[in-house]
Amino acid sequence: MNKIGLILEGGGMRGIYTAGVLDFFIEKNIGVDMVVGVSAGSCHASSYLSKQYKRAYHATVDYVNDKNYLSFRNLIKTGSIFGMDFMFNKIPNELNVYDYDAFNKSTTKFIAVATNCETGKPEYFTLSDLRKDIIYLQASCSIPMFANIVEVDNYKLVDGGVSDSIPIEYAINQGYRKNIVVLTRDYTYKKNKQKFTSIVKRRYKAYPNLVSAIENRHINYNKSLDLVDELSKKGDVLVIRPKKPVKVSQVEKDVNKLTALYEEGYNDAKELYDEILNFIV
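Residue numbers (this note's numbering): -18 to 262.
Take a look at the structure:
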C-alpha cells in the first residue's frame, strides 16, 4: 500500500486557499500519512491535523485587520510585519484556542520546512508536540526582510520557502511515492527573480549562503513546479491549485478577497473529491 504525502506550499495570506482545501479534507475525513508544510502551509496544516474545521480561516480573517496581527507598525517595532507573539501565542492559547491534545493524537507525520541561514539549505523539522514545537512553525513563516531570524536549537532559521518552496523531492526521498500537492498559484505561474537583491545583500551580509538561496529561489521554485507537473502527468502527484491567477497579495488585508480565495480552495477540493479518493486508495 502506498504511503500518501500532502505537500503544502506557502504564500503568506494566499495560504488561505490551502485552508479551504484542508477544511474540505477535514469535512470528508480525508487522511494522509505525512504532511510537509512550508510557511503559511505549515500553519494551516496544524489546524488540519487537530481536525478543527474552519479554525485556520477564522485565525486569519478574524484578526487580519488587527495591528497586532499584520502591520508596518509591527515591522518598525519588532522587526516582523506579522505579530509573531500574537500569531503563535495569543491566538492559539487565548483567542482561537488550538486543540493540542487532538494534534498529539494524530498518527500523521508532520514536517515543517525552514531555511538555515548559515547554510542556505532547507531544514525539515518533525513536529510531534505543538506546545513545544510551535517555534518551528514561526521559523517556517519568517519571511526574509519582513521577519526576524528565529534562533532555536543552535539553528538560525527563516522562511522555508526560500530554500524549498514545494518539497516534492523531500517527500519522494522519504519514501512517499504518491503525493497530493496544494499550490497557491495557478497553472500559468512561474516565479521571477528576486528584486532588490542589493538590500538583501546588505541585510544578510553575515549569511552569504542565505543571500545565494534568496537569489536562486526562482530557479529552484520553477524546477520544483516542473517536477510536480511531470509527476502529475504520470499519476504520481495530484495537484490542487487555483484555476485562475490569484489577485491576493502576500500581506492581503481585504477580508472579502481572503474569504473568496478560501471558498475557491474548498470548492476546488470538492470538485476533485472522487479523484482524491481514487488517488489515496
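All residues carry an ideal CB built from backbone N, CA and C; glycine is no exception.
Assigned with DSSP and collapsed to three states, N10 falls in coil, not helix or strand. Here the alpha carbons of D145 and G101 stand approximately 10 Å from one another.
Note that the C-beta distance between I195 and V181 is below 8 Å. Taken in chain order, the whole beta strand (DSSP E) runs of length 3 or more contained in the region 142 to 209 are 159 to 163. Non-local beta-carbon contacts of V13 in its own chain, meaning distances under 8 Å to residues more than five positions away in sequence, involve I(-15), G(-14), L(-13), T89, I161, I261 in chain order. The beta carbon of F5 sits closer than 7 Å to those of Y247, A250, K251, all from its chain and outside the five residues before and after it, given in chain order.
CA-CA distance, M65 to N190, rounds to 25 Å.
Secondary structure note for K(-16): it is in no alpha helix (DSSP H), with a DSSP letter that is neither H nor E. DSSP, read as helix, strand or coil, puts F53 in helix. Leaving aside the five residues that flank I130 on each side, the residues in its chain whose CB is nearer than 8 Å to its CB run, in chain order, C98, S123, K137, L138, V139. Residue burial is scored here from C-beta neighbours: G216 has fewer than 16 other C-beta atoms within 10 angstroms and is therefore classed as exposed. Excluding its 5 nearest sequence neighbours in each direction, T59 has C-beta neighbours in its own chain below 8 Å: M65, N129, listed in chain order. In this chain, E104 is not harboured by any alpha helix (DSSP H); it is covered by the beta strand (DSSP E) spanning 103 to 107. The Cβ atoms of L3 and H25 sit closer than 8 Å to each other. Here F127 is actually not in contact with L108; their C-beta atoms are around 23 Å apart, not less than 8 Å.
Taking C-beta separations shorter than 8 Å and ignoring five residues to either side along the sequence, the partners of R36 in its chain run S28, N77, Y79, following chain order. Collapsing the DSSP output to three states places D140 in a strand. As the crow flies, the alpha-carbon of V236 is around 6 Å from that of V42.
If you check the CB distance, T165 and G(-4) come in under 8 Å.
In the DSSP assignment, T240 falls outside any beta strand (DSSP E) and lies within the alpha helix (DSSP H) extending over 236 to 252.
If you draw a straight line from the Cα of T169 to the Cα of N55, it is about 34 Å long. Between I62 and V229, the CB-CB gap reaches or exceeds 8 Å.
Here V163 really is in contact with L(-11); their C-beta atoms are around 5 Å apart, less than 8 Å. A Cβ-Cβ contact shorter than 8 Å links I147 with V209.
Residue pairing of M15 in beta bridges, as defined by DSSP: G(-14), K90. Rounded to the nearest whole angstrom, the C-alpha separation of F84 and N74 is 14 Å.
Within the same chain, Cβ atoms closer than 7 Å to the Cβ of Y105 are found at I92, V94, Y151, the five residues on either side in sequence being excluded.
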